[in-house]
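Novice:
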Amino acid sequence: MGIFYSAKKKLKAISKAHFYFEHDKAFNQKAQLAASSILKTLPNHALSASSHKMIESYALEKLGSLRFAPGLKAYSIYQGEFKEGWIPDNYFWRYVLPKANGFHKPLSDLRQFAKRILQTEDMPDLGYFMKGTWTTVDNRVLSHQAAKDFFFSQFPEIIIKLNSTMRGQGFFRLNPRQFDQFDFQNSRDFVVQAPIDQADWYDQFTQESVATLRITTLKLPGQAAHYRAAFMRFGQKGADRITADSRLVVGVNPTGEMDRFALNSDWELSDRHPDSKISWEGMKIPDFEFMVKKCLELHERVGSIEIIGWDVVMDKSDQMQLMEWNTDYPGIVHSEMTTGPNFLGLGWENLWKSKA
1 MGIFYSAKKK
11 LKAISKAHFY
21 FEHDKAFNQK
31 AQLAASSILK
41 TLPNHALSAS
51 SHKMIESYAL
61 EKLGSLRFAP
71 GLKAYSIYQG
81 EFKEGWIPDN
91 YFWRYVLPKA
101 NGFHKPLSDL
111 RQFAKRILQT
121 EDMPDLGYFM
131 KGTWTTVDNR
141 VLSHQAAKDF
151 FFSQFPEIII
161 KLNSTMRGQG
171 FFRLNPRQFD
181 QFDFQNSRDF
191 VVQAPIDQAD
201 WYDQFTQESV
211 ATLRITTLKL
221 PGQAAHYRAA
231 FMRFGQKGAD
241 RITADSRLVV
251 GVNPTGEMDR
261 FALNSDWELS
271 DRHPDSKISW
281 EGMKIPDFEF
291 MVKKCLELHE
301 RVGSIEIIGW
311 DVVMDKSDQM
321 QLMEWNTDYP
331 GIVHSEMTTG
341 PNFLGLGWEN
351 LWKSKA
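Encoded structure:
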């Protein structure tokens, strides 16, 4: 029994090591692409040989492995200098998230529970489809026809978001005819949301998709939740949602002012929206402090989860709309690159020493 257990444990360790190797390989390919793309716009930010060596030494000594150097180099190239305390995205994913969010990490993937867990009216949820059954937000069971009548008596279109999806995947905008044609029998569980009519400030960039402000908050055990970082996502012409291919990500500082560049899916920089031609730099997000405050209040309701990414926007009725919350993978790569380091003083750089 002991030999079998030992062999099983060793095999599991080998499998885990291979998994992390492949993940780091994929991440570092993206980091290297980011570095080369950014240098096309900012060639004077190229790292010297001594800077390359210094960053590699830092990654090895402070974070435990050279595999974290490519992310640090990409951050440094964007900002034009290296800063101690940066957290590479693959380090965050491997060491920080498992400790910070633990077994609660996948909670946000279950979209049908978000509104109930957070006890908020700030989400545009209309109902849910769970195990083939339609329900309203107050748990009233509906027949298929009653669900259709209920949704479309309120809005000409509805939004469906499948569980465990991200970056525009599993997103469907349906009118009544499309609702009739949708394959619900073979669908996983999902949330039904009302379409959001975003505030005019966001419309000036593009009206074809709803912009997203990502606010990252942190709540340590026994402490109040506090703000850590933010960035904006905008869509582009021809896309009715923000996807991995259409997104433009702009860093946002703690006062709500946007950075001078946006990063597209290929990590290329642009100083203005490609369709509206509006420059990013100097633009301040209206009601930024209000949205941060609301997100902090929400985080206080789920204190067992340390780090959460909130996707929000203001609508034309001056109400904040919480589209999603993210506990499984509240990515920090864009905020760390553009406005970081944002997680100083937390001791995250030491986590690798206690967990292989």
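When we follow UniProt numbering, the leftmost residue of the sequence shown carries the number 1, and every step to the right adds one. We put the beta carbon where it would ideally sit given N, CA and C, even for glycine. Computed from a prediction, not measured in an experiment: that's the story for all the values here.
Kindly indicate the opening and closing residues of the alpha helix (DSSP H) around phenylalanine 179.
Specialist: 176–181 is the extent of the alpha helix (DSSP H) around phenylalanine 179.
Novice: Which residues mark the beginning and the end of the beta strand (DSSP E) in which isoleucine 308 is found?
Specialist: Its beta strand (DSSP E) spans residues 307–314.
Novice: What are the partner residues of methionine 232, as DSSP defines its beta bridges?
Specialist: Methionine 232 pairs with Leu213, Val250.
Novice: Looking only at its own chain, which residues have a Cβ that is under 8 Å from the Cβ of valine 313, when we skip the five neighbours before and after it?
Specialist: Excluding positions up to five away in sequence, the list reads Ile196, Gln198, Ala199, Tyr202, Val210, Ala211, Thr212, Leu213, Met320, Gln321, Met323.
Novice: List the DSSP bridge partners of valine 192.
Specialist: DSSP output for valine 192 lists Gly127, Ile160 as bridge partner(s).
Novice: If you drop the 5 nearest sequence neighbours on each side, which residues of the same chain put their C-beta closer than 7 Å to that of isoleucine 117?
Specialist: Excluding residues within five positions, the ones whose Cβ falls inside 7 Å are Val302.
Novice: Among all the DSSP beta bridges, which residues are the ones paired with serine 270?
Specialist: Ala262, per the DSSP bridge assignment.
Novice: In angstroms, rounded to a whole number, what distance separates the CA positions of phenylalanine 231 and histidine 273?
Specialist: Approximately 15 Å, taken between the alpha carbons.
Novice: So for glutamate 324, helix, strand or coil by DSSP?
Specialist: Glutamate 324: strand per DSSP, three-state reduction.
Novice: DSSP beta-bridge partners for threonine 135?
Specialist: Threonine 135 is bridged to Tyr128, Val141.
Novice: In angstroms with no decimal places, state the Cα-to-Cα distance between threonine 133 and proline 330.
Specialist: Cα to Cα, the separation comes out at about 30 Å.
Novice: Measure the alpha-carbon distance for glutamine 32 versus lysine 148 and round it to whole angstroms.
Specialist: Distance between the alpha carbons of glutamine 32 and lysine 148 is about 48 Å.
Novice: Closer than 7 Å by C-beta to residue 359: which residues in its own chain qualify, once you throw out the five before and the five after it? Chain order, please.
Specialist: Lying outside 1 to 356, the shown extent of the chain, residue 359 is not represented and no answer is given.
Novice: To the nearest angstrom, report how far apart valine 252 and threonine 216 are at their CA atoms.
Specialist: Whole-angstrom Cα-Cα distance: 11 Å.
Novice: Beta-carbon within less than 6 Å of glutamine 169's beta-carbon, same chain only, minus the 5 sequence neighbours each way: which residues are those?
Specialist: Cβ neighbours of glutamine 169 beyond the five flanking positions: none.
Novice: Which class does tyrosine 78 belong to by DSSP, given the choice of helix, strand or coil?
Specialist: Correct three-state label for tyrosine 78: helix.
Novice: In three-state DSSP terms, what is lysine 284?
Specialist: Three-state DSSP puts lysine 284 in a strand.
Novice: Helix, strand or coil for serine 279 per DSSP?
Specialist: Correct three-state label for serine 279: strand.
Novice: Pull up the distance between the alpha-carbon of tryptophan 280 and that of asparagine 139, whole angstroms please.
Specialist: In a straight line, the C-alpha of tryptophan 280 is about 43 Å away from that of asparagine 139.
Novice: Once the 5 residues before and after isoleucine 305 are set aside, which same chain residues still bring their CB inside 6 Å of it?
Specialist: Hits under 6 Å: Asn101, His104, Thr327.
Novice: Tell me where the alpha helix (DSSP H) around histidine 334 begins and ends.
Specialist: Here the alpha helix (DSSP H) through histidine 334 covers 333–339.
Novice: I'd like to confirm the pairing. Which residues does DSSP put opposite histidine 104 in its beta bridges?
Specialist: DSSP output for histidine 104 lists no bridge partner at all.
Novice: Can you tell me whether glutamate 289 is helix, strand or coil according to DSSP?
Specialist: Here glutamate 289 sits in helix by DSSP.
Novice: Determine the DSSP secondary structure at tyrosine 329, reduced to helix, strand or coil.
Specialist: Coil.
Novice: Please report the residue range of the alpha helix (DSSP H) in which isoleucine 242 lies.
Specialist: Element bounds for isoleucine 242: n/a, residue is neither H nor E.
Novice: For valine 333, which option in Leu110, Phe27, Asn44 has the closest C-alpha, if you only look at C-alpha atoms?
Specialist: Comparing Cα-Cα distances from valine 333 to each of Leu110, Phe27, Asn44, the minimum goes to Phe27.
Novice: Under the assumption that aspartate 275 contacts glutamine 236 (Cβ atoms under 8 Å), give the Cβ distance between them as a whole number of angstroms.
Specialist: Going by Cβ atoms, the distance from aspartate 275 to glutamine 236 rounds to 6 Å, so yes, they are a contact pair.
Novice: If you drop the 5 nearest sequence neighbours on each side, which residues of the same chain put their C-beta closer than 7 Å to that of arginine 173?
Specialist: So the list reads Glu157, Ile159, Asp240, once near-sequence residues are dropped.
Novice: Taking lysine 40 as the reference, give the member of Glu349, Ser270, Gly345, Met283 with the closest Cα.
Specialist: When only C-alpha atoms are compared, the closest one is Ser270.
Novice: For the putative contact between valine 192 and glycine 282, defined by C-beta atoms under 8 Å, what is the C-beta separation to the nearest angstrom?
Specialist: The pair is not a contact, with the Cβ atoms about 38 Å apart (cut-off 8 Å).
Novice: Look at the alpha carbon of phenylalanine 261 and the alpha carbon of valine 250, and state the distance between them as a whole number of angstroms.
Specialist: Distance between the alpha carbons of phenylalanine 261 and valine 250: 6 Å.
Novice: Ignore the nearest five residues each way along the sequence and tell me which others in threonine 206's own chain have a CB closer than 8 Å to its CB.
Specialist: Cβ within range, chain order: Phe234, Gly235, Gln236, Lys237, His273, Asp275, Ser276.
Novice: Express the C-alpha separation of lysine 131 and isoleucine 242 in angstroms, rounding to a whole number.
Specialist: The straight-line gap from Cα to Cα measures roughly 28 Å.
Novice: Among the residues of its own chain, which have a CB less than 8 Å from the CB of isoleucine 278, if the five just before and after it don't count?
Specialist: Contacts found: Gln204, Phe205, Arg272.
Novice: Can the beta-carbon of glutamine 298 be found less than 9 Å from the beta-carbon of histidine 226?
Specialist: First, the residue type needs correcting, since residue 298 is leucine and not glutamine in the sequence shown. No, the Cβ-Cβ distance between leucine 298 and histidine 226 is not below 9 Å.
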